[in-house]
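Residues in the sequence shown are numbered from 4 upward in steps of one, following our numbering. Presented below is the structure to which this report refers.
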Amino acid sequence: MSGLVLAIPSKGRLKEQVEAWLADSGLKLDLSGGARGYLASLRGVPDVQVRLLSAADIAEALDAGEVHLGITGEDLLRERGDDIDARVLLLRALGIGRADLVVAAPKSWLDVDTMGDLDEVAHDYLARNGRRMRVATKYLIQTRAFFARHGIADYRITESNGATEGAPAAGSAELVVDITTTGATLVANGLKVLADGVILRSQAQLVASLSATWDDTALSACERLLRIVEARATALRSATLTWPARGDEAEREVVETLVAAGATHRPNGLLVEVSRIPDSSLALTAAGLGPVTAAKPDFVFDVACSSYDDLKSRLFDS
Numbered sequence: 004m005s006g007l008v009l010a011i012p013s014k015g016r017l018k019e020q021v022e023a024w025l026a027d028s029g030l031k032l033d034l035s036g037g038a039r040g041y042l043a044s045l046r047g048v049p050d051v052q053v054r055l056l057s058a059a060d061i062a063e064a065l066d067a068g069e070v071h072l073g074i075t076g077e078d079l080l081r082e083r084g085d086d087i088d089a090r091v092l093l094l095r096a097l098g099i100g101r102a103d104l105v106v107a108a109p110k111s112w113l114d115v116d117t118m119g120d121l122d123e124v125a126h127d128y129l130a131r132n133g134r135r136m137r138v139a140t141k142y143l144i145q146t147r148a149f150f151a152r153h154g155i156a157d158y159r160i161t162e163s164n165g166a167t168e169g170a171p172a173a174g175s176a177e178l179v180v181d182i183t184t185t186g187a188t189l190v191a192n193g194l195k196v197l198a199d200g201v202i203l204r205s206q207a208q209l210v211a212s213l214s215a216t217w218d219d220t221a222l223s224a225c226e227r228l229l230r231i232v233e234a235r236a237t238a239l240r241s242a243t244l245t246w247p248a249r250g251d252e253a254e255r256e257v258v259e260t261l262v263a264a265g266a267t268h269r270p271n272g273l274l275v276e277v278s279r280i281p282d283s284s285l286a287l288t289a290a291g292l293g294p295v296t297a298a299k300p301d302f303v304f305d306v307a308c309s310s311y312d313d314l315k316s317r318l319f320d321s
């Protein structure tokens, strides 16, 4: 493949959130074939072909090396196998598409609140019924790994192809492992999440395929894209502080103290974390410097680009 191939979700709330995230960084999608098109270009980054796929298909394409970059849920990636980290690199969590993969039991099981309780119930269930407790899920790999970590063996998986949360009420399973955002659907179906039953706190991730063919054009486009999104992410969590400079020893001393605490020098002031604006500003005014003005930058481009450096390291230093 020539150039960079980026896959993003093709429908639903996640599609809207991803498009908004790209637009916030000045990266607007130009769809081919109108609103129903499944190909697009990315304004601001040349040599990028955008493919609109389902979130599950994006995870599969990243794993197979059919795309260079993709945005999809971490839950779908983890379901590709325990060795998925050898084939893909998670570059940035996007803070959207949040959902938890959880173990849920009937609320009527009053004595079952933890995975340890579940282990005891599983033994009793097998002894009493002569068959193993059933767990309905679409997430076979992560369920098996999580139950194994908790030493639970007396169960069997019933693969779910429909509304997983309804399996206990329908009599097709005793437990469920499912993805949830608020837990409301589980509660509505008479289920409760076990106290230590959160398998994964998932969200949408910007992911690189380590199996794709990376030529110079793809790498160049990827670096440009990652530098832009990193610059925007840094800006969102940062502010610049400026004040009338004096150039004396007292000013240098308070500035270096703030730098030691995490601020960075800027030509006319400091760049600080948003949460540090009050403390940093008060430290400056206490030294007689001011008025101190805090302003939010749109982008902060650094010389280094950690996500791109990580990708190059995984691609070429193995």
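Heads up, the beta-carbon is just placed ideally off N, CA and C, and yes, glycines get one too.
On the DSSP letters alone, give me the boundaries of the alpha helix (DSSP H) that residue i sits inside.
i, result
"T146", "L143 to R152"
"V8", "Counting along the chain, V8 falls outside any alpha helix (DSSP H), though it belongs to the beta strand (DSSP E) covering L7 to P12."
"L80", "E77 to R81"
"H268", "Where H268 is concerned, there is no enclosing alpha helix (DSSP H), although the beta strand (DSSP E) it sits in stretches over T267 to R269."
"V262", "E252 to A263"
"K315", "S309 to F319"
"S223", "D219 to L239"
"L292", "It is not in any alpha helix (DSSP H) - L292 carries neither H nor E in the DSSP assignment."
"D60", "A58 to A67"
"P2", "Residue 2 lies beyond the range of the chain shown here (4 to 321); nothing can be said about it."
"A215", "No alpha helix (DSSP H) holds A215; DSSP gives it neither H nor E."
"A170", "A170 to A173"
By how many angstroms is the C-alpha of residue j removed from the C-alpha of residue i?
i, j, result
"G15", "S57", "10 Å"
"R249", "V48", "42 Å"
"G76", "A64", "13 Å"
"D85", "R269", "44 Å"
"P281", "R95", "28 Å"
"A59", "W112", "33 Å"
"R46", "P300", "21 Å"
"V306", "A298", "22 Å"
"D114", "H126", "14 Å"
"A263", "T296", "21 Å"
"K141", "I160", "9 Å"
"V303", "L244", "14 Å"
"S28", "R152", "40 Å"
"W24", "T237", "14 Å"
"L178", "T185", "18 Å"
"S205", "A266", "31 Å"
"L79", "A172", "26 Å"
"G133", "E168", "25 Å"
"I61", "Q52", "14 Å"
"W246", "S283", "12 Å"
"V275", "L194", "45 Å"
"S163", "S175", "10 Å"
"D116", "A198", "6 Å"
"L97", "V210", "10 Å"
With a 10 Å radius around its C-beta and 16 neighbouring C-beta atoms as the bar for buried, classify residue i as buried or exposed.
i, result
"G73", "buried"
"D66", "buried"
"C308", "buried"
"R235", "buried"
"V258", "buried"
"V21", "buried"
"L314", "buried"
"F81", "Phe is not the amino acid found at residue 81; the sequence shown has Arg there. Buried, by the Cβ-count rule."
"S212", "buried"
"T146", "buried"
"N271", "exposed"
"V105", "buried"
Below 8 Å on the Cβ atoms is my contact criterion, and I expect residue i with residue j to pass it. Report the Cβ-Cβ distance as a whole number of Å.
i, j, result
"D50", "T220", "5 Å"
"G291", "A253", "7 Å"
"L34", "A26", "That pair is no contact at about 13 Å."
"D122", "T183", "So it is not a contact: roughly 23 Å between Cβ atoms."
"V180", "V138", "6 Å"
Could you please give the first and the last residue of the uninterrupted beta strand (DSSP E) stretch that includes residue i?
i, result
"P109", "A102 to P109"
"S44", "L42 to L45"
"L34", "L32 to S35"
Residue i bridges to which residues according to DSSP?
i, result
"Q20", "Bridge partners of Q20: none, in fact."
"M136", "Y158"
"L178", "V138"
"R279", "Answer by DSSP bridge pairing: none, since R279 is not bridged."
"L209", "I74 and R95"
"K195", "A108"
"T245", "G272 and T296"
Does any residue of chain D bring its CB to less than 8 Å from the CB of residue i?
i, result
"E233", "The structure shown contains no chain D, having only a single protein chain."
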